[in-house]
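Student: Below is one structure. I have some questions about it.
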Amino acid sequence: MCGSVGATGTTAANRLAKEADLVIGIGTRYSDFTTASRSIFQNPDVKFININVTAFDAFKHGSAIPVVADARTALEELTSELAKFKVSADYAKRIADENKEWDAIVNAAFVDQKLVRPSQSEIIGAVQAATDPRDVLVGAAGSLPGDLHKLWRVRDPLGYHMEYAFSCMGYEIAAGLGVARADSSRTPIVMMGDGSYLMMHTELVTAVAERLKFIVVLVQNHGYASIGHLSEDIGSQRFGTKYRFRDAKSNNHESGDVLPVDLATNAESLGMNVIRISESPSAIADLSAAMKVAKAHPTATLIHINSDPLLYAPGGEAWWEVPIPEVSTLESTKKAYENYKEARKVQKKYLGKGASERK
């Protein structure tokens, strides 16, 4: 196993995907993220076998062999037929080496740098270390799902619950509540940014009323970290992604003071048990200690920690297509557009050769 593939994937999975000659899609719709905007599968002879209960999705993107079937049933039969199949020793070693390299990258990203405002990667690492295998990691929108997709190490089949199809801001708390109701023997660990919290946090009241046990780790970025990063990547310089007072002179929200919004106190006012992590070099150590306290607490706890949104998780060597303005006065946008044109050259209209072979 080499982890996730695509725009939010690992280097291990993406390097192998680029060279793959056969891809078996199990219930997938080959989303823009998964396929790195149709750029990840670069072997000219790659073929796709798509197993899906929906015929449209089984044929999607030029499948060589569309299989309209229940995934479990199809896999049971396929496993039986391939019982004696093995990849070559060299290829098995390549997989192991790629996986080992990515593991080292993740380990490095998790190291506590003793920052006053730690990176989101460090926060994820601290939360991971404090969880039990049967805990359920819950997330939905912003930069966290992308980072968790490639950094979180799942240790249980039901230990990872992520909504990322439509980036539903605010889904996180409601989902954590649902997981707690579904299985009280597991502890849901909700990770969310301040953007999602502001969008929808009122189910905290329900959690308090029901005396449900789950933990919310609220990562305060003082803005939209995910869209800010994306805006920077496409040359738009993070415009409109910070929570700031409007500056009367410039008539925008770019250079004003940070808004005095206290989300920890807000959660406290809703009845939540709240632990505040101070901005200090011991922030990650304090988060680790807070997780232990929250795990021992009988009901819901919110842990509030400030993060630096400019410290990014390691990349997975994949691209995501976001159109860039062709005309701009900004040099950053002009440069981003030139990079965009180059990246589009490797896109494929169809992922595999199935469409042309059926003509």
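In this text, residue positions in the sequence shown follow the working numbering: the first is 1, and each later residue adds one.
Glycine included, every Cβ here is placed at the ideal spot set by N, Cα and C.
Whole angstroms is fine: what's the gap from G193's alpha carbon to G315's?
Tutor: Going from the Cα of G193 to the Cα of G315 covers about 20 Å.
Student: Quick one: grab the DSSP three-state call for I215.
Tutor: Here I215 sits in strand by DSSP.
Student: Note down the Cα distance separating Q120 from A225, rounded to an integer number of angstroms.
Tutor: So the alpha carbons of these two residues sit roughly 10 Å apart.
Student: Report the three-state DSSP secondary structure of K292 (helix, strand or coil).
Tutor: In the structure shown, K292 sits in a helix (DSSP, three-state: H, G or I).
Student: Would you mind giving the Cβ-Cβ distance between V216 and L287, rounded to the nearest angstrom? I have them listed as a contact below 8 Å.
Tutor: V216 to L287, Cβ: 13 Å. No contact.
Student: Among residues of its own chain, excluding the 5 on either side of A17, which ones have a beta-carbon nearer than 7 Å to its beta-carbon?
Tutor: Here the set comprises V5, I40 and F41.
Student: What is the rounded straight-line gap between the Cα of R244 and the Cα of D103?
Tutor: Going by the C-alpha atoms only, they are around 38 Å apart.
Student: Roughly how far, in whole angstroms, is the beta-carbon of E254 from the beta-carbon of K242, given that I think they are within contact range, below 8 Å?
Tutor: Right, the Cβ-Cβ distance comes to about 7 Å (below 8 Å), so this counts as a contact.
Student: Identify, in the order they occur along the chain, each residue of the same chain with its Cβ nearer than 7 Å to the Cβ of R38, setting aside the five sequence neighbours on each side.
Tutor: Excluding residues within five positions, the ones whose Cβ falls inside 7 Å are Q347, K348 and L351.
Student: P325 to E342, Cα distance in whole Å?
Tutor: Going by the C-alpha atoms only, they are around 15 Å apart.
Student: What are the boundary residues of the beta strand (DSSP E) that includes Y160?
Tutor: Y160 to M162 is the span of the beta strand (DSSP E), which, as asked, contains Y160.
Student: Taking 8 Å as the threshold (C-beta atoms), are D247 and G240 in contact?
Tutor: Taking 8 Å as the Cβ cut-off, G240 and D247 do not qualify as a contacting pair.
Student: Unbroken beta strand (DSSP E) runs of length 3 or more, entirely within the region 119-155: which are they?
Tutor: Entirely contained in the region 119-155, the beta strand (DSSP E) runs reaching 3 residues are, in chain order, 136-139.
Student: Output the boundary residues of the alpha helix (DSSP H) element that contains I105.
Tutor: Where I105 is concerned, the enclosing alpha helix (DSSP H) stretches over A89 to A109.
Student: Taking contact to mean 3 or more Cβ pairs, one atom from each stretch, closer than 8 Å, check whether the region 260-272 and the region 196-206 are in contact.
Tutor: Short answer: they touch.
Student: Could you give the residue range of the beta strand (DSSP E) that holds R276?
Tutor: Where R276 is concerned, the enclosing beta strand (DSSP E) stretches over N273 to R276.
Student: Looking at C-beta atoms only, is the number of pairs between the region 86-93 and the region 59-78 that lie closer than 8 Å three or more?
Tutor: No, the region 86-93 does not touch the region 59-78.
Student: Just how far apart, CA to CA, sit V190 and A290?
Tutor: In a straight line, the C-alpha of V190 is about 14 Å away from that of A290.
Student: Give the single residue among A207, T10, D97 and I51 whose Cα lies nearest to the Cα of S184.
Tutor: Minimum Cα distance to S184 is reached at A207.
Student: Quick one: give me the first and last residue of the alpha helix (DSSP H) that N221 is part of.
Tutor: Careful: N221 lies outside any alpha helix (DSSP H) and carries neither H nor E.
Student: Counting pairs of Cβ atoms below 8 Å between the region 130-142 and the region 105-121, do you hit three or more?
Tutor: The region 130-142 is not in contact with the region 105-121.
Student: Starting from G363, trace the beta strand (DSSP E) in both directions and tell me its first and last residue.
Tutor: This structure cannot speak to residue 363, because the chain is shown only from 1 to 359.
Student: In terms of residue numbering, what span does the alpha helix (DSSP H) encompassing F56 cover?
Tutor: A55 to F59 is the extent of the alpha helix (DSSP H) around F56.
Student: How is H253 classed by DSSP in three states: helix, strand or coil?
Tutor: Three-state result, H253: coil.
Student: Based on the DSSP secondary-structure assignment, which residues constitute the bridge partners of T301?
Tutor: For T301, which the question treats as bridged, DSSP gives the partners I215 and N273.
Student: Would you report the Cα separation of I24 and A69, rounded to the nearest angstrom?
Tutor: Going by the C-alpha atoms only, they are around 13 Å apart.
Student: For G271, which residues from the same chain have a beta carbon less than 6 Å from its beta carbon, with the 5 sequence-adjacent residues on both sides left out?
Tutor: Excluding residues within five positions, the ones whose Cβ falls inside 6 Å are V208.
Student: Which residues bound the alpha helix (DSSP H) around N14?
Tutor: From DSSP, the alpha helix (DSSP H) with N14 extends over T11 to E19.
Student: For M162, which residues in the same chain have their Cβ closer than 8 Å to its Cβ, ignoring the five residues on either side in sequence?
Tutor: If we look at M162 and ignore the five residues flanking it on each side, its Cβ neighbours are L137, V138, G139, A140, P145, L148 and H149.
Student: How many angstroms separate the CA atom of A285 from the CA atom of E101?
Tutor: So the two alpha carbons sit approximately 26 Å from each other.
Student: Taking buried to mean at least 16 other C-beta atoms within 10 Å of its own C-beta, is E338 buried or exposed?
Tutor: By the neighbour-count rule (16 or more Cβ atoms within 10 Å), E338 is not buried but exposed.
Student: Exposed or buried, which one is P66 when buried takes at least 16 other CB atoms within 10 Å?
Tutor: Answer is buried; the Cβ neighbour count reaches 16.
Student: Cutting at 6 Å between CB atoms, please list the residues of its own chain near Y171, excluding the five before and the five after it.
Tutor: Around Y171: A140 and E163.
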